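Residue numbers (the UniProt record's numbering), protein chains in the order written: chain L, 1 to 279; chain Z, 1 to 279. Even for Gly, the Cβ is constructed at its ideal location relative to N, Cα and C. Model, not experiment: these values are computed from the prediction.
There are 2 protein chains.
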Amino acid sequence: MTDLYGFDLATAVVPRPGDPSAYDAELHEGWRMHKAVNGGLLMALAGRVLAAELGGSSQGHPDPFAISAYYMSAALPGPATVRTETLKRGRSLSTGVASILQGGEERLRVMATYGDLDSHDASDVRTSATPPEMPPPEECAGREAAPPDFLKQAPILDRIDLRLDPATAGWTVGRPTGRGLVQGWFRLPDGREPDLLLLLLAADALPPTSFDFGIAGWTPTLELTVHVRAKPAPGWLRLKQSTRNFAHGYLEEDAEVWDSAGRLVAQSRQLARVLMPTQ
Amino acid sequence: MTDLYGFDLATAVVPRPGDPSAYDAELHEGWRMHKAVNGGLLMALAGRVLAAELGGSSQGHPDPFAISAYYMSAALPGPATVRTETLKRGRSLSTGVASILQGGEERLRVMATYGDLDSHDASDVRTSATPPEMPPPEECAGREAAPPDFLKQAPILDRIDLRLDPATAGWTVGRPTGRGLVQGWFRLPDGREPDLLLLLLAADALPPTSFDFGIAGWTPTLELTVHVRAKPAPGWLRLKQSTRNFAHGYLEEDAEVWDSAGRLVAQSRQLARVLMPTQ
């Protein structure tokens with residue numbers, strides 16, 4: 001079944017005639033959480049434009065290696081403009097920026113360095129990180145576990161298939177652990193397999209770790225940086241998000257994305273502000 | 001004793017008359033490692049310009065909360081231009097960019113969100129991270145432990161007082177541990193106490209973790225992001241840098257900066273390329 005709001009349609013852009021640095025996009029209602037469009041989807045949209053900008057030629061660099069987004073105001077469903085600029089074209093790496101604007105207001109700006117993951121020696125790996133351990137997807141908590149009132153505010157949960165590890169989902173039933181850890185399985189429900197752009201969405205797909213601290217408020221992202229380290233194999237992705245330093249109303253969230261072959265395919269970190277719910 | 005190449009002089013800028021977005025700077029020979037000026041010093045220089053740009057007024061935001069640098073080419077000793085632009089001035093946060101150029105070529109671009117750390121409730125801290133354990137500075141390895149040939153190429157080691165934990169410095173005597181961990185003490189030798197700008201330097205001051213993997217090559221940084229979380233107390237800073245994923249010729253380096261009061265004052269992550277030395 002084709003999802004009319006699926007990931008590829010939601011990140012599609014149309015080059016603006018006569019203006020080679022501008023693209024038109026439509027931010028889809030279906031990717032909302034509360035009133036704002038998801039930050040990972042916005043990064044994937046900008047990342048797709050930068051892949052075209054930096055990777056267009058045969059000598060190009062189509063793959064994001066490091067990509068950072070600074071979020072300035074909430075992006076709302078509706079039309080948007082993406083503007084891009086190449087800062088440097090190098091032999092093995094290129095760097096560029098992309099902005100997403102609505103009504104003349106810049107919602108976020110993305111800066112990134114792209115390369116070619118296929119040009120790498122894939123044999124020299126000395127990774128001490130290990131994949132998160134969790135029960136199989138069918139024993140984890142999917143959208144059916146969320147209260148109907150919450151689902152109404154979160155249409156994004158119809159666009160992704162997210163299964164939370166019950167050991168890190170105690171907060172859904174009023175029992176946060178206080179560890180600042182959330183992990184789970186992730187895929188697209190329409191069967192579209194993961195690629196590098198989907199990793200940018202996956203890196204920001206888990207619920208905020210503040211929930212596991214027992215804080216139900218909103219946690220807008222100031223800054224999100226993703227390092228894409230390898231091309232993902234088909235199948236489920238495993239996500240782990242943790243916080244070690246919740247202080248002065250801000251927290252960092254470190255996310256890892258593992259593919260079905262057991263490889264660490266992306267690492268991300270964000271700084272988010274914790275807005276305490278009004279009592 | 002005043003160091004003529006000290007940190008404050010090395011990050012000083014002069015506003016260019018008639019061009020409010022441009023500043024002139026001099027990148028000091030004394031902050032070189034091999035031929036290139038240190039990346040953390042460059043971030044601190046850009047961070048100082050952004051503090052003036054975003055924090056100038058009484059309603060301003062003088063403190064870096066999240067700051068990202070994308071390095072495009074090696075910055076060399078000599079004159080440089082810093083160009084800055086405000087992207088958004090908000091009520092509690094402001095975002096801007098700064099570029100450092102030499103001879104018309106952009107060496108790095110920095111994007112950052114600034115706020116006011118004094119406006120925060122400092123009481124709500126739920127940090128699970130713990131400070132790195134290491135022997136006192138006088139039992140750690142300072143510059144006197146480095147070979148004279150190496151010191152000639154690294155004048156930056158005269159500008160900072162860095163004392164490596166012997167347990168993570170085995171690589172200096174041909175015994176890397178393979179864990180990807182380096183930690184040590186950090187201060188400025190002229191007695192200047194730490195502040196927020198110095199944290200940006202400290203976050204990139206340790207030797208690369210690749211040394212602890214037994215790789216002696218150069219590791220240029222693609223991207224460095226620092227989250228500044230609290231104002232540091234006077235005294236020594238403790239630094240810890242670790243790598244969990246060394247793959248395909250790239251590695252991430254996570255750094256923590258702890259102050260003398262035992263607070264985690266900054267967290268950083270960078271993506272660096274590992275250039276294998278020619279055999």
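Using a Cβ-Cβ cut-off of 8 Å, PHE246 (chain Z) counts as an interface residue toward chain L, since at least one Cβ of chain L sits closer than that to its own. Taking a beta-carbon distance threshold of 8 Å, LYS88 (chain Z) counts as an interface residue toward chain L. At a beta-carbon threshold of 7 Å, none of the residues of chain L lie near PHE211 (chain Z); the nearest stands roughly 13 Å away. Looking at the backbone, the Cα of ARG32 (chain Z) and that of SER242 (chain Z) are separated by about 23 Å.
By the CB criterion at 8 Å, THR168 (chain Z) and ASP212 (chain Z) fall inside the cutoff.
Here PRO208 (chain Z) carries a coil assignment [DSSP, helix/strand/coil].
DSSP places TRP185 (chain L) in the strand class (E or B) of the three-state scheme. Only residues of its own chain outside the window of five on either side were considered, and among them ALA44, GLY47, ARG48 have a CB closer than 6 Å to the CB of LEU197 (chain Z), listed in chain order. Contact annotation for GLU252 (chain L) against chain Z: HIS227, GLN267 [CB-CB distance below 7 Å, chain order].
One Cα belongs to HIS248 (chain L), the other to PRO20 (chain L), and the distance between them is close to 43 Å. When the alpha-carbon of PRO277 (chain Z) is set against those of Z:ALA216, Z:ARG175, Z:GLY184, the nearest one is in Z:ALA216.
The beta carbon of VAL182 (chain Z) does not come within 8 Å of any beta carbon belonging to chain L, so the residue lies off that interface. Taking all protein chains in view, the Cβ of GLN59 (chain Z) is surrounded by fewer than 16 other Cβ atoms within 10 Å, so the residue is classified as exposed.
Annotation for MET111 (chain L): the continuous beta strand (DSSP E) segment containing it runs 105-115. DSSP places LYS35 (chain Z) outside any alpha helix (DSSP H), giving it a letter other than H or E.
GLU138 (chain L) and ASN38 (chain L) have their C-alpha atoms roughly 25 Å apart. Taking 8 Å as the CB threshold, GLU133 (chain Z) stays off the interface with chain L. When the alpha-carbon of PRO232 (chain Z) is set against those of Z:ARG143, Z:ARG16, Z:ASP259, Z:PRO220, the nearest one is in Z:ASP259.
By alpha-carbon distance to PRO132 (chain Z), the top candidate from Z:LEU87, Z:ARG273, Z:PHE65, Z:ARG263 is Z:ARG263. Residue pairing by DSSP places GLY96 (chain L) opposite L:THR86, L:ALA112 in a beta bridge.
Contacts between VAL125 (chain Z) and chain L, judged by CB atoms closer than 9 Å, involve ASN245, PHE246, ALA247, HIS248 in chain order. According to the DSSP assignment, ILE156 (chain Z) belongs to no beta strand (DSSP E) but to the alpha helix (DSSP H) extending over 156-159. In the same chain as ALA80 (chain L), and ignoring 5 residues on each side of it, the C-beta atoms closer than 6 Å to its own belong to ALA25, LEU27, ILE100, GLN102, in chain order. Within the UniProt domain "Acyl-CoA thioesterase-like C-terminal" (137-274) of chain L, the runs of alpha helix (DSSP H) that reach at least 4 residues and sit entirely inside it are, in chain order, 148-153, 156-159, 196-202.
In its chain, beyond the 5 residues on either side, GLY217, TRP218 have a beta carbon closer than 6 Å to the beta carbon of LEU275 (chain L). In terms of beta-carbon proximity, SER128 (chain L) lines the interface with chain Z, with at least one pair separated by less than 8 Å.
Residues of the segment 42-70 of chain Z that bring their beta carbon within less than 7 Å of a beta carbon in chain L comprise PHE65, ALA66, SER68, TYR70, in sequence order. Here GLY6 (chain Z) has ARG159, LEU188, ASP190, ARG192 as same chain residues with Cβ atoms under 8 Å from its own Cβ, once five neighbours each way along the sequence are excluded.
The beta carbon of THR11 (chain L) is closer than 6 Å to those of ALA44, LEU45, ARG48 in its chain, skipping five residues each way along the sequence.
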